[in-house]
Amino acid sequence: MIGCVCVVGDAPLITAVFVGGNSAHVLIPLLSASQHKVNLLTRRPEAWSKTVACQLQSPSKKRVMIDYGNVKHPAADILHVVKGEINKKSSDPADVIPEADVIVLCMPVHQYRDALTRLAPHINRSKKDVYVGTVYGQAGFNWMVHEMERSFNLTNVVTFAVGLIPWISRTIKYGELGANYGTKAVNVAAVTPPEKFDELDRIFFQDITVRWHKNGRFHQACSFLSLTLSVDNQIIHPSRCYGLWKRYGGMWKSEEDIPFFYKDFDDISAEYIQKMDDDYSKVREAVRKAFPDREFKYMLDYLSLERVSHGKSENDNIKDSFRNSAQLALIKTPTVELDGGAYGLNTNCRFFTDDIPYGVLIARWIGQELGVETPFIDEIIEWVGSIRGEKFLKDGKVDLEYCLSGSHTTGIPPAYGIKSVMDILD
Numbered sequence: 001m002i003g004c005v006c007v008v009g010d011a012p013l014i015t016a017v018f019v020g021g022n023s024a025h026v027l028i029p030l031l032s033a034s035q036h037k038v039n040l041l042t043r044r045p046e047a048w049s050k051t052v053a054c055q056l057q058s059p060s061k062k063r064v065m066i067d068y069g070n071v072k073h074p075a076a077d078i079l080h081v082v083k084g085e086i087n088k089k090s091s092d093p094a095d096v097i098p099e100a101d102v103i104v105l106c107m108p109v110h111q112y113r114d115a116l117t118r119l120a121p122h123i124n125r126s127k128k129d130v131y132v133g134t135v136y137g138q139a140g141f142n143w144m145v146h147e148m149e150r151s152f153n154l155t156n157v158v159t160f161a162v163g164l165i166p167w168i169s170r171t172i173k174y175g176e177l178g179a180n181y182g183t184k185a186v187n188v189a190a191v192t193p194p195e196k197f198d199e200l201d202r203i204f205f206q207d208i209t210v211r212w213h214k215n216g217r218f219h220q221a222c223s224f225l226s227l228t229l230s231v232d233n234q235i236i237h238p239s240r241c242y243g244l245w246k247r248y249g250g251m252w253k254s255e256e257d258i259p260f261f262y263k264d265f266d267d268i269s270a271e272y273i274q275k276m277d278d279d280y281s282k283v284r285e286a287v288r289k290a291f292p293d294r295e296f297k298y299m300l301d302y303l304s305l306e307r308v309s310h311g312k313s314e315n316d317n318i319k320d321s322f323r324n325s326a327q328l329a330l331i332k333t334p335t336v337e338l339d340g341g342a343y344g345l346n347t348n349c350r351f352f353t354d355d356i357p358y359g360v361l362i363a364r365w366i367g368q369e370l371g372v373e374t375p376f377i378d379e380i381i382e383w384v385g386s387i388r389g390e391k392f393l394k395d396g397k398v399d400l401e402y403c404l405s406g407s408h409t410t411g412i413p414p415a416y417g418i419k420s421v422m423d424i425l426d
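Following the UniProt record's numbering, the numbering of the sequence shown begins with 1 at its first residue and continues without gaps.
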C-alpha cells in the first residue's frame, strides 16, 4: 500500500509524504500539531480517519504484549498523545501533490522508484524549490530522484534522505493510532544541493524530532553514499535471516517456536552480521581512498552507527545491542504459515526484496569496481538467489544483464545510467 502525506503550512511549507505503514501514523500527527496542513495520498483513503493520533511512549521493561484487538503490541508507558488532522486524503496524486513543498517517501525501498514516477507529473514546477526525500536513506535515493528529474525534465527539486528512520514506530490501529517509542539521539540526513539543509531542518526536520522529544537533532552527511553504505537494515536483516536458516532450516513446527528476531539474537547471527559488516567496511575504506576530499563522517560500521544514533549506548558487541533493546524486543521473525501448520521464513518480505537488490548488491558492485573482494556478501547473495530463484552474480561478478533485465530489478548504479564508480557522488 502506497500513500503520501501532504503538509500545507500557512507560513513554512506544504509537505507531501508517500507512506505505506508505520511512519505515516507518526508523521501526520507530529506535522499537523506543528501547524502544518497534512494531505494524505493512499490507495485506501476510506481507511483513514480524519484525526490521527500518535502515542509518545516509553517502552516497558516488562516484555509483555497488550492485545489491541486484531494485533498485539509491546507494553509501554504513554508519555503524551499527539493528535493531528488530515486536510485531504485521496488515491489520486493530482489531488495532493501539486501544492506540496516537501514530498517524503515512507515505504519499502524497492517501491521508491515506482512512487517517484507516479508523483513526478504532479510536482509544481512554478515553486522555487520542492523537497523530495525519504525517511530511510538506503539504496542511493539521490540516484533515483535524479532519474526522475531527467525523465520529467524537473529543475526545481531538492533531494534529501534521512539515514535511519528517526524513531521506532508501530501502527496500533491502522488509519487512526500509532505509537512512537522516542527519537534517536542523533539523526543524520543528506541533502542536495547541500546548502538547502538548514532551511529543510527549520521547516521539516525539527518538527518530527526536536519539537516533541527535545532531542534527536539532525546532522548533515556530506554524501548520500554515507547513508547508502551505512544504514543498517541491509546488514542486519539478511545476516540474521541467514543465521536463522542455518540454525533452524528456516522452519518451525508451531508459531510458539518462532524466535524473536532481535530478543533471541544468537551467536551465529551476530557472527554473520560481523562478517557482513567487515565486507562493508572494506568497501567503505576503498570509497574513502577513491574520494579523499570527502569527509564521510557518518559512513560508519554497524556498532559505531549504533553508538552515534543512540548516544549513550553501552553495547560493546553485536548480540547485546539487539538482546538488550527494549524497543526491538518483541519483534518476531517474518514467517508464513505452511501446509500442515508449520511456519517458514518469509522470503518475500522486504528483508529480501529491499535489502538484497537495493542494499547488499549495491555494496557488492561498488566493491567490485574498486577492486575489493567481498566473500561474505557473495555468500549471502548466492544463498538468497538459491531460495528465490535470482541470479545476481555470474562468474564472480555482478551480472549486469540479469540485474538490468527488468523494470527496477535492482538499484545498482548502472540501473541509473552510472557506468563509472567515480560518478556515484553528487
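Backbone N, C-alpha and C define an ideal beta-carbon position, used for all residues, glycine too.
Segment contact flag, the region 145 to 160 with the region 78 to 93, C-beta cutoff 8 angstroms, min 3 pairs | no
Chain-order list of residues whose beta-carbon lies under 6 angstroms from that of residue 512 (same chain, five-residue window excluded) = Coverage of the chain is limited to positions 1 through 426, which leaves residue 512 absent and any answer about it impossible.
Cβ-based burial, R364 [other Cβ within 10 Å; buried from 16] | buried
Backbone secondary structure at Q55 - three-state DSSP = strand
Got a sec: is the Cβ-Cβ distance from S281 to anything in chain D below 9 angstroms?
-> You won't find chain D in this structure, because it holds only one protein chain.
Rounded C-alpha distance that separates H25 from Y174 | 8 angstroms
If you drop the 5 nearest sequence neighbours on each side, which residues of the same chain put their C-beta closer than 7 angstroms to that of V210?
-> G216 and R217
What does a CB cutoff of less than 6 angstroms around E147 pick up in its chain, not counting 5 residues either side in sequence?
-> Y416
Which runs of the beta strand (DSSP E), 3 residues or longer, sit entirely within the region 108 to 148?
-> 130 to 134
State the Cα-Cα distance for the pair F197 and E46, rounded to the nearest angstrom.
-> 35 angstroms
Is there contact here, the region 260 to 268 with the region 223 to 234, by at least three beta-carbon pairs under 8 angstroms?
-> no
Can you check DSSP and say which residues form a bridge with I78?
-> Q57
Output the distance between the C-alpha atoms of F260 and K127, rounded to the nearest integer angstrom.
-> 47 angstroms
Any chance you could list the alpha helix (DSSP H) runs of at least 4 consecutive residues sitting entirely within the region 175 to 258, in chain order?
-> 197 to 200, 210 to 213, 224 to 228 and 233 to 248
Using three-state DSSP, classify H408 as helix, strand or coil.
-> coil
Measure the alpha-carbon distance for Y68 versus L177 and round it to whole angstroms.
-> Any reading at Y68 must be qualified, since the residue scores a pLDDT of 44, below 50, and its modelled position is unreliable; the value itself is stated next. The alpha-carbon atoms of Y68 and L177 are separated by roughly 11 angstroms.
In angstroms with no decimal places, state the Cα-to-Cα distance between Y280 and H237.
-> 14 angstroms
Could you say which of D77, N39, G140 and R44 lies nearest to E99 if we only look at CA atoms?
-> N39
Exposed or buried, I111, counting other C-beta atoms within 10 Å across all chains shown (16 or more means buried)?
-> Sequence check: residue 111 is Gln here, not Ile. By the neighbour-count rule (16 or more Cβ atoms within 10 Å), Q111 is buried.
Taking the beta strand (DSSP E) that residue 428 falls in, what are its first and last residues?
-> Only positions 1 to 426 of the chain appear in this structure, which leaves residue 428 out of reach.
Nearest to T333 by alpha carbon, out of L244, L30 and A190?
-> L244
Backbone secondary structure at V421 - three-state DSSP = helix
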